[in-house]
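Heads up: the sequence shown runs through residues 1 to 309, numbered per UniProt numbering.
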Amino acid sequence: MEHHHHDHSHGHHHIELKGKNLLIAILLNVLITVSQIIGAIFSHSLSLMTDALHNLSDVMALVISYVAHKLAKRKPTSKQSFGYKRAEILAAFINAATLLGVSVYLIVEAMERLFTLGAVEVGGELVMWLAGLSILANGLSVLLIQKDAKKSMNMKAAYLHLFSDMLTSIAVLVGGFLMIRFGWYWVDSLLSVMIAVYLIISSWNLVVGAIKVLMQFTPKDIDVDKITQAICVLKQVKNVHHVHIWQLTDHEIHFEAHIDCEEDMLLSEVDKVMTQVRELISHKFNIHHATLQPEFHVCDDKSLIAREE
(Lines of atoms letter the chains of each structure in order from A; the text may use other names.)
(Lines give C-alpha, C1' and ligand atoms only; values in the text may rest on other atoms or scores of the structure.)
Protein backbone atom coordinates (compact mmCIF):
# COMPACT_ATOMS: atom_id res chain seq x y z
CA MET A 1 0.00 0.00 0.00
CA GLU A 2 1.45 3.35 -1.01
CA HIS A 3 0.26 6.78 0.03
CA HIS A 4 0.60 9.42 -2.69
CA HIS A 5 0.12 13.02 -1.73
CA HIS A 6 0.51 16.18 -3.78
CA ASP A 7 -0.23 19.34 -1.84
CA HIS A 8 -0.93 22.26 -4.16
CA SER A 9 -1.94 24.65 -1.39
CA HIS A 10 1.64 25.65 -0.62
CA GLY A 11 3.53 28.71 -1.82
CA HIS A 12 4.27 27.65 -5.40
CA HIS A 13 3.34 30.51 -7.66
CA HIS A 14 2.91 29.31 -11.23
CA ILE A 15 5.37 31.18 -13.38
CA GLU A 16 3.63 33.18 -16.08
CA LEU A 17 6.06 34.49 -18.63
CA LYS A 18 5.06 37.45 -20.69
CA GLY A 19 5.06 35.84 -24.11
CA LYS A 20 5.03 39.22 -25.83
CA ASN A 21 8.22 40.30 -24.06
CA LEU A 22 9.95 37.07 -25.01
CA LEU A 23 8.93 37.44 -28.67
CA ILE A 24 10.23 41.03 -28.73
CA ALA A 25 13.55 39.81 -27.31
CA ILE A 26 13.72 37.11 -30.01
CA LEU A 27 13.08 39.62 -32.82
CA LEU A 28 15.68 42.04 -31.42
CA ASN A 29 18.30 39.31 -31.32
CA VAL A 30 17.53 38.14 -34.86
CA LEU A 31 18.12 41.73 -36.03
CA ILE A 32 21.40 41.97 -34.10
CA THR A 33 22.66 38.60 -35.32
CA VAL A 34 22.07 39.31 -39.02
CA SER A 35 23.61 42.79 -38.72
CA GLN A 36 26.71 41.56 -36.87
CA ILE A 37 27.38 38.61 -39.19
CA ILE A 38 27.28 40.92 -42.23
CA GLY A 39 29.38 43.51 -40.38
CA ALA A 40 31.94 40.92 -39.26
CA ILE A 41 32.43 39.73 -42.84
CA PHE A 42 33.05 43.26 -44.13
CA SER A 43 35.19 44.40 -41.18
CA HIS A 44 37.18 41.13 -40.83
CA SER A 45 36.48 41.24 -37.08
CA LEU A 46 36.62 37.92 -35.22
CA SER A 47 35.41 39.51 -31.98
CA LEU A 48 32.35 40.84 -33.80
CA MET A 49 31.75 37.39 -35.32
CA THR A 50 32.12 35.96 -31.79
CA ASP A 51 29.48 38.38 -30.60
CA ALA A 52 27.28 37.49 -33.60
CA LEU A 53 27.49 33.75 -32.89
CA HIS A 54 26.76 34.46 -29.25
CA ASN A 55 23.69 36.42 -30.36
CA LEU A 56 22.68 33.50 -32.57
CA SER A 57 22.84 31.26 -29.51
CA ASP A 58 20.69 33.89 -27.75
CA VAL A 59 18.02 33.47 -30.42
CA MET A 60 18.16 29.69 -30.01
CA ALA A 61 18.00 30.07 -26.23
CA LEU A 62 14.97 32.32 -26.34
CA VAL A 63 13.08 30.19 -28.87
CA ILE A 64 13.78 26.99 -26.91
CA SER A 65 12.81 28.73 -23.66
CA TYR A 66 9.55 29.96 -25.17
CA VAL A 67 8.62 26.52 -26.57
CA ALA A 68 9.66 24.77 -23.34
CA HIS A 69 7.51 27.08 -21.24
CA LYS A 70 4.50 26.42 -23.47
CA LEU A 71 5.09 22.65 -23.21
CA ALA A 72 5.46 22.84 -19.42
CA LYS A 73 1.92 24.26 -19.15
CA ARG A 74 0.35 21.22 -20.84
CA LYS A 75 -1.77 19.04 -18.58
CA PRO A 76 -0.63 15.53 -17.57
CA THR A 77 -2.01 12.51 -19.42
CA SER A 78 -2.00 8.75 -18.80
CA LYS A 79 1.14 8.51 -20.97
CA GLN A 80 2.83 11.64 -19.59
CA SER A 81 1.84 11.55 -15.93
CA PHE A 82 4.03 14.55 -15.08
CA GLY A 83 3.08 16.39 -18.26
CA TYR A 84 6.01 18.27 -19.79
CA LYS A 85 7.23 19.94 -16.60
CA ARG A 86 10.81 18.80 -17.23
CA ALA A 87 10.84 20.58 -20.62
CA GLU A 88 12.19 23.78 -19.06
CA ILE A 89 15.05 21.94 -17.31
CA LEU A 90 15.94 20.18 -20.56
CA ALA A 91 15.84 23.54 -22.36
CA ALA A 92 18.19 25.07 -19.78
CA PHE A 93 20.64 22.21 -20.35
CA ILE A 94 20.51 22.54 -24.16
CA ASN A 95 20.96 26.31 -24.00
CA ALA A 96 23.95 26.24 -21.66
CA ALA A 97 25.60 23.26 -23.40
CA THR A 98 25.25 25.02 -26.77
CA LEU A 99 26.92 28.11 -25.35
CA LEU A 100 29.80 25.97 -24.06
CA GLY A 101 30.31 24.39 -27.49
CA VAL A 102 30.24 27.74 -29.29
CA SER A 103 32.74 29.18 -26.80
CA VAL A 104 35.27 26.38 -27.31
CA TYR A 105 35.02 26.80 -31.10
CA LEU A 106 35.63 30.55 -30.84
CA ILE A 107 38.71 30.07 -28.65
CA VAL A 108 40.22 27.75 -31.27
CA GLU A 109 39.49 30.27 -34.06
CA ALA A 110 40.90 33.20 -32.10
CA MET A 111 44.09 31.36 -31.11
CA GLU A 112 44.67 30.30 -34.71
CA ARG A 113 44.36 33.89 -35.90
CA LEU A 114 46.51 35.24 -33.07
CA PHE A 115 49.44 32.83 -33.49
CA THR A 116 49.21 31.76 -37.12
CA LEU A 117 47.78 34.62 -39.15
CA GLY A 118 49.00 37.45 -36.95
CA ALA A 119 47.15 40.73 -36.53
CA VAL A 120 44.50 41.05 -39.26
CA GLU A 121 43.43 44.61 -40.06
CA VAL A 122 39.91 45.19 -38.78
CA GLY A 123 37.36 47.90 -39.58
CA GLY A 124 37.09 49.40 -36.10
CA GLU A 125 34.34 51.97 -36.83
CA LEU A 126 31.89 49.37 -38.14
CA VAL A 127 32.72 47.14 -35.17
CA MET A 128 31.92 49.98 -32.75
CA TRP A 129 28.60 50.86 -34.40
CA LEU A 130 27.35 47.27 -34.42
CA ALA A 131 28.59 46.61 -30.87
CA GLY A 132 26.67 49.69 -29.75
CA LEU A 133 23.51 48.39 -31.46
CA SER A 134 23.96 45.05 -29.70
CA ILE A 135 24.36 46.73 -26.29
CA LEU A 136 21.10 48.65 -26.71
CA ALA A 137 19.08 45.69 -27.99
CA ASN A 138 20.43 43.20 -25.46
CA GLY A 139 19.98 45.68 -22.63
CA LEU A 140 16.31 46.03 -23.55
CA SER A 141 15.94 42.24 -23.82
CA VAL A 142 17.50 41.78 -20.38
CA LEU A 143 14.99 44.19 -18.85
CA LEU A 144 12.10 42.39 -20.56
CA ILE A 145 12.81 38.97 -19.02
CA GLN A 146 14.69 39.95 -15.84
CA LYS A 147 11.71 39.31 -13.54
CA ASP A 148 11.02 35.81 -14.89
CA ALA A 149 14.72 34.84 -14.70
CA LYS A 150 14.48 34.84 -10.89
CA LYS A 151 11.79 32.12 -10.93
CA SER A 152 12.88 29.63 -13.58
CA MET A 153 16.12 27.81 -14.43
CA ASN A 154 15.03 27.86 -18.06
CA MET A 155 14.52 31.63 -18.11
CA LYS A 156 17.70 32.10 -16.09
CA ALA A 157 19.55 30.37 -18.94
CA ALA A 158 18.00 32.74 -21.49
CA TYR A 159 18.71 35.73 -19.24
CA LEU A 160 22.33 34.62 -18.84
CA HIS A 161 22.71 34.45 -22.62
CA LEU A 162 21.39 38.01 -23.03
CA PHE A 163 23.22 39.58 -20.10
CA SER A 164 26.56 38.00 -20.98
CA ASP A 165 26.16 39.10 -24.59
CA MET A 166 25.53 42.67 -23.48
CA LEU A 167 28.80 42.54 -21.52
CA THR A 168 30.70 41.04 -24.45
CA SER A 169 29.33 43.75 -26.74
CA ILE A 170 30.73 46.37 -24.37
CA ALA A 171 34.13 44.63 -24.62
CA VAL A 172 33.87 44.59 -28.43
CA LEU A 173 33.00 48.31 -28.40
CA VAL A 174 36.11 49.08 -26.35
CA GLY A 175 38.16 46.86 -28.67
CA GLY A 176 36.88 48.77 -31.69
CA PHE A 177 38.01 52.04 -30.10
CA LEU A 178 41.50 50.65 -29.37
CA MET A 179 41.84 49.45 -32.96
CA ILE A 180 40.86 52.87 -34.35
CA ARG A 181 42.91 54.90 -31.88
CA PHE A 182 46.10 52.81 -31.63
CA GLY A 183 45.89 50.28 -34.47
CA TRP A 184 46.00 47.39 -32.01
CA TYR A 185 44.32 44.81 -34.27
CA TRP A 186 45.54 41.91 -32.12
CA VAL A 187 43.05 43.11 -29.50
CA ASP A 188 40.28 41.65 -31.69
CA SER A 189 41.52 38.06 -31.28
CA LEU A 190 42.41 38.57 -27.62
CA LEU A 191 38.90 39.85 -26.89
CA SER A 192 37.41 36.81 -28.61
CA VAL A 193 39.35 34.49 -26.29
CA MET A 194 38.43 36.49 -23.17
CA ILE A 195 34.74 36.57 -24.12
CA ALA A 196 34.68 32.83 -24.83
CA VAL A 197 36.39 31.98 -21.51
CA TYR A 198 33.86 34.13 -19.67
CA LEU A 199 31.00 32.32 -21.42
CA ILE A 200 32.41 28.90 -20.47
CA ILE A 201 32.67 29.88 -16.81
CA SER A 202 29.19 31.42 -16.70
CA SER A 203 27.53 28.44 -18.43
CA TRP A 204 29.22 25.62 -16.55
CA ASN A 205 27.24 25.90 -13.29
CA LEU A 206 23.98 25.99 -15.21
CA VAL A 207 24.90 22.83 -17.15
CA VAL A 208 25.87 21.02 -13.93
CA GLY A 209 22.68 22.17 -12.18
CA ALA A 210 20.46 20.94 -15.02
CA ILE A 211 22.28 17.58 -15.15
CA LYS A 212 21.74 17.07 -11.41
CA VAL A 213 17.99 17.64 -11.80
CA LEU A 214 17.74 15.39 -14.88
CA MET A 215 19.73 12.65 -13.09
CA GLN A 216 17.41 13.00 -10.07
CA PHE A 217 20.18 13.83 -7.60
CA THR A 218 19.10 14.91 -4.13
CA PRO A 219 18.82 18.74 -4.15
CA LYS A 220 21.91 20.37 -2.63
CA ASP A 221 19.95 22.16 0.13
CA ILE A 222 18.29 18.95 1.33
CA ASP A 223 19.77 17.05 4.31
CA VAL A 224 18.44 13.48 4.00
CA ASP A 225 19.67 12.40 7.46
CA LYS A 226 18.03 15.39 9.12
CA ILE A 227 14.68 14.62 7.46
CA THR A 228 14.70 10.91 8.34
CA GLN A 229 15.73 11.64 11.94
CA ALA A 230 12.83 14.08 12.28
CA ILE A 231 10.39 11.47 10.92
CA CYS A 232 11.69 8.77 13.29
CA VAL A 233 10.88 11.01 16.28
CA LEU A 234 7.17 10.65 15.43
CA LYS A 235 5.20 8.17 17.52
CA GLN A 236 4.60 4.79 15.84
CA VAL A 237 7.49 5.30 13.36
CA LYS A 238 10.24 2.74 13.92
CA ASN A 239 12.43 3.24 10.86
CA VAL A 240 12.67 5.16 7.58
CA HIS A 241 14.46 3.51 4.66
CA HIS A 242 14.75 3.34 0.86
CA VAL A 243 14.55 7.15 0.68
CA HIS A 244 14.54 9.04 -2.63
CA ILE A 245 14.43 12.84 -2.77
CA TRP A 246 14.53 14.46 -6.20
CA GLN A 247 13.41 17.48 -8.19
CA LEU A 248 10.89 17.41 -11.02
CA THR A 249 11.37 21.12 -11.77
CA ASP A 250 13.21 24.11 -10.26
CA HIS A 251 10.61 24.37 -7.51
CA GLU A 252 8.94 20.95 -7.20
CA ILE A 253 10.69 18.47 -4.88
CA HIS A 254 9.46 14.88 -4.47
CA PHE A 255 9.98 12.61 -1.46
CA GLU A 256 9.67 8.80 -1.55
CA ALA A 257 10.27 6.47 1.40
CA HIS A 258 9.34 3.24 3.17
CA ILE A 259 7.99 3.96 6.67
CA ASP A 260 8.39 1.04 9.09
CA CYS A 261 5.69 1.19 11.79
CA GLU A 262 6.30 0.23 15.43
CA GLU A 263 3.30 -2.12 15.59
CA ASP A 264 0.58 -3.75 13.51
CA MET A 265 -2.20 -1.15 13.15
CA LEU A 266 -5.58 -0.59 11.55
CA LEU A 267 -5.49 1.06 8.13
CA SER A 268 -7.15 4.19 9.56
CA GLU A 269 -4.36 4.47 12.14
CA VAL A 270 -1.70 4.01 9.45
CA ASP A 271 -3.30 6.87 7.49
CA LYS A 272 -2.96 9.13 10.53
CA VAL A 273 0.75 8.33 10.85
CA MET A 274 1.35 8.95 7.14
CA THR A 275 -0.50 12.27 7.42
CA GLN A 276 1.81 13.27 10.27
CA VAL A 277 4.85 12.40 8.14
CA ARG A 278 3.56 14.44 5.19
CA GLU A 279 2.75 17.44 7.38
CA LEU A 280 6.19 17.28 8.98
CA ILE A 281 8.18 17.28 5.72
CA SER A 282 5.85 19.91 4.24
CA HIS A 283 6.02 22.41 7.11
CA LYS A 284 9.58 21.82 8.29
CA PHE A 285 11.38 20.99 5.03
CA ASN A 286 9.15 22.60 2.38
CA ILE A 287 8.61 19.31 0.50
CA HIS A 288 5.01 19.06 -0.68
CA HIS A 289 4.96 15.94 -2.88
CA ALA A 290 5.29 12.66 -0.99
CA THR A 291 4.91 8.98 -1.88
CA LEU A 292 5.04 6.89 1.30
CA GLN A 293 5.00 3.11 1.68
CA PRO A 294 3.97 2.06 5.22
CA GLU A 295 5.34 -1.30 6.39
CA PHE A 296 5.40 -3.64 9.37
CA HIS A 297 8.44 -5.95 9.32
CA VAL A 298 8.35 -6.33 5.52
CA CYS A 299 11.75 -5.22 4.17
CA ASP A 300 14.85 -7.12 5.22
CA ASP A 301 17.00 -4.26 3.92
CA LYS A 302 16.56 -1.32 6.30
CA SER A 303 19.29 0.84 4.78
CA LEU A 304 18.50 4.50 4.23
CA ILE A 305 19.36 4.26 0.54
CA ALA A 306 18.36 1.08 -1.31
CA ARG A 307 21.38 -0.54 -2.96
CA GLU A 308 20.78 -2.96 -5.82
CA GLU A 309 22.99 -6.03 -5.90
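We put the beta carbon where it would ideally sit given N, CA and C, even for glycine.
Small disclaimer: the values here were computed from a predicted structure and weren't measured.
Tell me the DSSP secondary structure of residue i in three-state form.
i	result
residue 289	strand
residue 252	coil
residue 309	Low local confidence applies: a pLDDT of 44 at residue 309 is under 50, so the model's placement there is unreliable, and no value is given.
residue 44	coil
residue 295	strand
residue 260	strand
residue 303	coil
residue 66	helix
residue 266	coil
residue 16	Bear in mind that a pLDDT of 41 at residue 16, under 50, signals an unreliable position, so the number given afterwards is only what the model happens to contain. Of the three classes helix, strand and coil, the one that applies to residue 16 here is coil, per DSSP.
residue 39	helix
residue 183	coil
residue 84	coil
Around the Cβ of residue i, are there at least 16 other Cβ atoms within 10 angstroms (buried) or fewer (exposed)?
i	result
residue 76	exposed
residue 112	exposed
residue 80	exposed
residue 219	exposed
residue 179	buried
residue 394	Here the chain comprises residues numbered 1 to 309, so residue 394 is not present and cannot be evaluated.
residue 142	buried
residue 378	A question about residue 378 goes unanswered here, because the residues of the chain that appear run from 1 up to 309.
residue 36	buried
residue 116	exposed
residue 103	buried
residue 51	buried
residue 292	buried
residue 105	exposed
Starting from residue i, follow the alpha helix (DSSP H) in both directions and report where the run begins and ends.
i	result
residue 77	Per DSSP, residue 77 belongs to no alpha helix (DSSP H) and is neither H nor E.
residue 93	87–112
residue 129	124–149
Ordered list of beta strand (DSSP E) runs contained in the stretch 186–252, each at least 3 residues: 237–247
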